[in-house]
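A.B. asks: Counting with the numbering used here, you get residues 9 to 397 for the letters of the sequence shown.
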Amino acid sequence: MTLPQLPSATPEALAASEQLVNRIKQAIDDAGGWLSFSDYMRRALYEPGLGYYSGGATKFGEAGDFVTAPELSPLFGACLATTTAQVLQALGTGDVLEFGAGTGKLAAQILTELERLDTLPRHYYIVDLSAELKERQRATLQTLVPHLAERVIWLDTLPVMFNGMVIANEVFDAIPCALVYRNDNGALFERGVVWRDNVLAFDDQPMAQGGLHDAAMALDLPGDYLTEIQPELPGFMASVGEMIERGAALFIDYGFPAMEYYHPERRQGTLMAHYRHHSLTDPFYLPGLADLTCHVDFSAVYHHADQHGLQLEGYVSQAQYLLNSGLTARLAAVGADNVKQYAPVAAAVHKLTSPAEMGELFKAIAFSRNLTLPTLLTGFERGDDSYKL
């Protein structure tokens with residue numbers, strides 16, 4: 009496979025990646041010569057000190073590997089804060105819990121807008137697996153909202169009971185995925201990782217009976233078809249569902265409902281690697297230095313949420329969610345007369361909402377438990393696509 013011309017990594021980064029490869033090779037040996045792809049992906053992303061999210065490489069923004077919505081514009085966080093304020097007001101008081109807070113910009117944006125709306129939470133909890141990112145988040149919050157930083161608390165475990173708003177932006181796509189292949193004869197295989205000819209390589213093994221096999225059978229895949237299943241998604245949604253006593257959860261990520269995710273023409277799956285703003289199909293490129301992601305099966309998200317007592321509030325495209333949440337008015341308030349100020353904000357809004365950019369590929373889905381609202385949840389009043397789930 010011919011790779012595009014990619015930016016070179018520093019000698020230190022290459023040494024760290026090589027060290028991670030050696031750990032993965034040892035894991036393959038310990039597992040008898042074959043490692044499931046979900047185990048490989050977990051190590052590539054989260055291996056202590058070396059994985060993509062647990063190492064020290066810059067991940068977000070122009071100097072990183074990709075740009076997330078909060079990095080594009082504070083208007084994104086302000087829109088999420090509008091939904092959050094509605095939930096907190098309905099509860100009378102409550103907290104916010106954010107999974108995977110990235111650089112901390114989204115937390116700062118939400119807190120800033122909640123303060124403007126006079127609806128600050130008691131606490132803003134952050135759950136993040138990366139010690140390195142926690143330090144970045146602290147620095148960001150101290151810089152952008154120093155007077156609110158004391159409300160932010162980092163958690164290593166989820167609360168037993170939670171009342172308030174749960175937020176996760178681009179978290180589902182980083183949950184390790186298993187690779188499932190069905191051949192022309194209808195037999196199911198799990199695609200794993202081996203060490204062959206001194207490099208990491210794919211290897212298919214007949215799929216053992218169990219939860220992954222049952223999930224793959226339920227998809228009724230066509231022949232010669234490769235796709236992903238996230239074995240940890242049910243547990244994640246169970247944890248969220250069991251934690252929320254009263255409140256709501258908002259998830260934004262890129263993906264499809266099942267009928268589109270497993271479309272016959274998408275026979276190579278959605279697994280991608282991201283390195284310095286380049287998208288690659290090779291998941292073995294510089295492990296620990298490249299992000300690995302798969303698109304989200306939102307039908308599976310809904311199914312597991314429903315199993316654990318969460319009520320669906322709505323499912324819309326990111327563009328529809330942001331427009332419903334007042335993005336157009338926020339842009340207008342910037343003022344088009346000041347071109348120097350307005351132009352970059354308008355460009356960011358275009359990227360967030362354009363069907364050719366993030367607007368349609370990214371979706372917003374929300375759930376609630378024991379929450380009584382006088383109107384529909386903000387962001388989901390129009391354009392609901394729940395019927396597709």
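Using N, Cα and C, we set each Cβ at its ideal position, and we do this for glycine too.
Are the CB atoms of I134 and F259 within a distance shorter than 8 Å?
C.D. replies: No; because the gap between Cβ atoms is not below 8 Å, this pair is not in contact.
A.B. asks: Helix, strand or coil: how does DSSP classify E424 here?
C.D. replies: Residue 424 lies beyond the stretch modelled for the chain, which goes from 9 to 397, so this question has no answer here.
A.B. asks: My output table needs one value for P382: the three-state DSSP class, helix, strand or coil.
C.D. replies: P382 falls in the coil class under three-state DSSP.
A.B. asks: If you follow the beta strand (DSSP E) that I161 is part of, which residue opens it and which one closes it?
C.D. replies: Taken as a continuous stretch (DSSP letters only), the beta strand (DSSP E) holding I161 covers 160 to 163.
A.B. asks: Are G249 and H316 touching if we call contact CB-CB under 8 Å?
C.D. replies: Yes, the pair counts as a contact, with Cβ atoms nearer than the cut-off.
A.B. asks: Thinking C-alpha only, which one of Y61, P239, R275 is nearest D222?
C.D. replies: Taking only the C-alpha atoms, the option nearest D222 is P239.
A.B. asks: When you compare only the Cα positions, how much space is there between R199 and S44?
C.D. replies: Their backbone Cα atoms lie some 7 Å apart in a straight line.
A.B. asks: Specify, as a first and last residue, the run of the beta strand (DSSP E) that M173 falls within.
C.D. replies: Note, M173: beta strand (DSSP E), 170 to 177.
A.B. asks: Starting from E273, trace the alpha helix (DSSP H) in both directions and tell me its first and last residue.
C.D. replies: No alpha helix (DSSP H) holds E273; DSSP gives it neither H nor E.
A.B. asks: Should T235 be counted as a contact of the ligand MN given a C-beta to heavy atom distance under 7 Å?
C.D. replies: As far as ligands go, the structure on display features none, and thus does not contain the ligand MN.
A.B. asks: Hey, how far is the Cα of A351 from the Cα of F197?
C.D. replies: Using only the alpha carbons, I get a separation of about 51 Å.
A.B. asks: Who are the near neighbours of A344 in its chain, counting only those whose CB is closer than 7 Å to its CB and skipping five residues on each side?
C.D. replies: Result list for A344: Y350, in chain order.
A.B. asks: Using the Cβ count rule (16 or more neighbours within 10 Å means buried), how would you classify H303?
C.D. replies: It counts as buried.
A.B. asks: In this structure, does DSSP put S376 in helix, strand or coil?
C.D. replies: Strand at S376.
A.B. asks: Considering Cα atoms alone, identify which of N171, L28, G63 is closest to V207.
C.D. replies: It is L28 whose Cα lies nearest to the Cα of V207.
A.B. asks: From E268 to F84, what does the alpha carbon distance come to, in whole angstroms?
C.D. replies: Between E268 and F84, the C-alpha separation is close to 26 Å.
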